[in-house]
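One structure below.
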Amino acid sequence: MNQTWWKEAVVYQIYPRSFQDTTGNGVGDIRGIIQRLDHVKALGVDVIWLSPVYESPNDDNGYDIADYRAIMAEFGTMADFDELLDGIHTRGMKLIMDLVANHTSDEHAWFEKSRASKDNDKRDYYIWKPGVKGPDGVMHPPNNWGSFFSGPAWEFDATSGEYYLHLFTRKQPDLNWENPAVRKEIADVVEFWLEKGVDGFRMDVISLISKRGYENTPYKEFNDTITNVYANGPRVHEFLQELYTNVISKYDVMTVGEGPGIDLEEGPKYVNEDRGELNMIFHFGHMFMDQGPGGKFDPIPIDFRRFKEVFVEWDQAMSKGGWNSVFLSNHDFPRAVSRFGNDGPHWNTSAKLLATLLMTMRGTPYVYQGEEIGMKNVAFDSIDAYRDVETLNAYSEQVLDGTRDPDEFLRAVHIMGRDNVRTPMQWDASPHAGFCAEDVEPWIQLNPSYTHINVTAQEEDPDSIFAFYKKAIAFRKAHKGLVYNDLDVWTLEDDQLFCYLRPGTTNGAKNGFQSYAVLLNMSDRPAVTTLPEGVILSEFLLSNGLGSSAMQKPPSSSLELQPWEAQVWTTKP
Ligand code: ISL
């Protein structure tokens, strides 16, 4: 068992656009993050993952980079960035950047040159193909691939008469990683930021950088195309090993790769410590499980048994020579408490239960901004209030051009849309929640819940979700067994309970750490669990408030848990 700082770290994700505005343009900025660093520090996290802050025309809120070495003017300057990095380091925290290298913006100088003619030295930086003439004599895209964000994945470019590939929006052309010059450019970018002193990278859609060829996809469901056609191409591991060997291995940093389509078979290859690729990946087992056949905007209920299996399967797959990451939300998926908890009557308790789940799993936990105060999904009543390109493109495709009822589509957006997690951070109860000045129009409306769900209110309340996150994070830090012990779930078949042991072993071998039992009732009704044979609870360590009566009684082998109650115990011996 290899112990390192990034395994023991807790990471906090900042989506800068929605964090804190200081310049009065209604957009969060770097000085805003500097201003709020004490909040992040107070939470007790070790690492900040900063979503992209590079120069970008913001077609996809910075995930379309126009210059990898410059800061977006809306967010500030490089001097601001340097001060931020310094402020983070001074507080004993680390910073990881978001590396978006599957694609650039179409406004990146490489692409502007690439598209200018067929025979310039940047042409082969991107993926250009001639169209195919149909029997009707009309020109069609090179194949039937669709974009993640609706419509075809190919855009015709009149200058050269060819199409370029964009797996995301048409303003996000895919880089051609087959070209060694492209790989060298990206390695140089990575080196540039590491030399500045950043502590690693979250790598956007890293599973997509190697293409498998350009055959038509035979799959009807888009998610099948992602897994079988777009992700895990033949050279992805080679490319990552090259980047690791040439640059990353020279620094003491952490890397986490993001990527749809990474399955249980492929996942371990990305993170196996002997292979020299990445430290962790974000798997999407629990992020895609509530999508129906129609994809993102076809939500279906969470299958709770499957939810638990996902945690077990990935724990097992990643623990053999690799390392897992654990997260319940990020800037692309709904709010954790609305999706996996109960954001109505059990809002406070269920948010605390989710914090307990996050902080008692093996792997590195990631907290998304606002999660620490239980921010909820938002339900704007008009599509005009939405800003996310994925949502708006799907609206055009499905409602304006198709047959979908606008209200029904909007209901799906309320459940799944990415703007659920992009409304401004709720700092206080003043108009605009302290995110921007009262007379400034924020780039996206606030979630009206800010009047009662906000940092200021929760800082003063010892029973708040924020107080509990602090406690749960400190608790994890005080109990290394929670980081490294095996995971052993005893309620896989139960419809309400997620209960697990964290025995003092790693891959079956004793590791010297204490053993734990975690009991979670993830339902609106009370539930009883019987401990596995031979397990004896010892010390009551943590609860989300309800367990105090249980705590008084000597523990028995059968325990009743109130709705959304969470308990953590040590077990004997
Ligand atoms: O949000 C999703 C679809 O609903 C995901 O499939 C998401 O597109 C995918 O996980 C890739 O996300 C990353 O790359 C995108 C960017 O829009 C996301 O914000 C980013 O996290 C393209 O760069």
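Count along the sequence shown from 1, add 13, and you get the number used in this note's numbering.
Cβ coordinates follow ideal geometry from the N, Cα and C atoms, glycine included.
Given the structure is predicted, the values throughout are model-derived calculations rather than measurements.
Asked, Found
"Residues bridged to Phe553 by DSSP?", "Trp582"
"Excluding the five sequence neighbours on either side, which residues of its own chain have a C-beta within less than 7 angstroms of the C-beta of Ala22, listed in chain order?", "Asp59, Val60, Thr377"
"So what does Arg515 bridge to, in DSSP terms?", "Tyr529"
"Since Trp62 contacts Ile109 with CB under 8 angstroms, what's their CB separation in whole angstroms?", "5 angstroms"
"Using beta-carbon positions only, say whether Phe310 and Pro273 come within less than 9 angstroms of one another.", "no"
"Under the criterion of a Cβ to heavy atom distance below 8 angstroms, does Gly164 qualify as lining the ligand ISL?", "no"
"Can you tell me where the alpha helix (DSSP H) holding Leu180 begins and where it ends?", "Counting along the chain, Leu180 falls outside any alpha helix (DSSP H), and DSSP gives it neither H nor E."
"Within 10 Å of its beta-carbon, does Phe481 have 16 or more other beta-carbons around it, so buried, or fewer, so exposed?", "buried"
"By how many angstroms is the C-alpha of Tyr67 removed from the C-alpha of Pro347?", "25 angstroms"
"Taking its Cβ as the centre, do 16 or more other Cβ atoms sit within 10 Å of Arg104, making it buried, or is it exposed?", "exposed"
"Looking at Gly272 and the ligand ISL, is the gap between the Cβ and the nearest heavy atom below 8 angstroms?", "yes"
"Less than 9 angstroms between the beta carbons of Thr584 and Leu514, yes or no?", "yes"
"Is Tyr463 near the ligand ISL, in the sense that its beta carbon is under 8 angstroms from a heavy atom of that ligand?", "no"
"Measuring CA to CA, which of Cys512, Leu188, Asn361, Asp217 is closest to Glu573?", "Cys512"
"DSSP on Asn361, reduced to helix/strand/coil?", "helix"
"Leaving out the 5 sequence neighbours to the left and right, which residues in its chain are closer than 7 angstroms to Pro455 when beta-carbon positions are compared?", "Gly39, Pro437, His445, Phe448, Cys449"
"Under 8 angstroms by Cβ, that's how I've got Ile47 and Glu96 pegged, so tell me the actual separation to the nearest angstrom.", "6 angstroms"
"To the nearest angstrom, how far is it from the Cα of Glu286 to the Cα of Glu279?", "14 angstroms"
"Between Gln185 and the ligand ISL, is there a pair consisting of the residue's CB and a ligand heavy atom that are separated by less than 8 angstroms?", "yes"
"Provide the residue span of the alpha helix (DSSP H) that contains Tyr497, from first to last.", "494 to 497"
"Counting only the same chain and skipping the five closest in sequence on each side, list residues whose C-beta sits under 8 angstroms from that of Ala470.", "Asp441, Ala442, Ser477"
"Output needed for Arg417: all residues of its chain with C-beta closer than 6 angstroms, excluding positions within five of it in sequence on either side, in chain order.", "Gln411"
"Pull the bridge partners of Asp187 from the DSSP assignment, please.", "His116"
"What's the C-alpha gap between Ala368 and Gly226?", "42 angstroms"
"Look up Lys107 in the DSSP assignment and give the residues it is bridged to.", "Val60"
"Based on the DSSP secondary-structure assignment, which residues constitute the bridge partners of Leu391?", "Going by the sequence as given, residue 391 is Val instead of Leu. Answer is none; Val391 lacks a bridge partner."
"If you measure between the beta carbons of Pro186 and Ser127, is that distance less than 9 angstroms?", "yes"
"If you follow the beta strand (DSSP E) that Ser342 is part of, which residue opens it and which one closes it?", "That residue, Ser342, is in no beta strand (DSSP E); it is neither H nor E in DSSP."
"Could you tell me the alpha carbon to alpha carbon distance between Val541 and Leu505, rounded to whole angstroms?", "14 angstroms"
"Is it the case that the Cβ atoms of Gln26 and Val380 are separated by a distance below 9 angstroms?", "yes"
"On the CB-based measure, 16 or more other CB atoms within 10 Å of its CB, does Asn229 come out buried or exposed?", "exposed"
"Do the region 522 to 532 and the region 395 to 406 touch if we need at least three Cβ pairs shorter than 8 angstroms?", "no"
"Where Asn355 and Asn361 are concerned, what is the direct C-alpha to C-alpha distance, given to the nearest angstrom?", "9 angstroms"
"Cutting at 8 angstroms between CB atoms, please list the residues of its own chain near Arg538, excluding the five before and the five after it.", "Gln509, Pro576"
"Tell me whether Asp587, by its Cβ, gets closer than 8 angstroms to a heavy atom of the ligand ISL.", "Residue numbering for the chain in the displayed model covers 14 to 586; residue 587 lies beyond these limits and cannot be assessed."
"Closer than 8 angstroms: is that where the CB of Lys309 sits relative to any heavy atom of the ligand ISL?", "yes"
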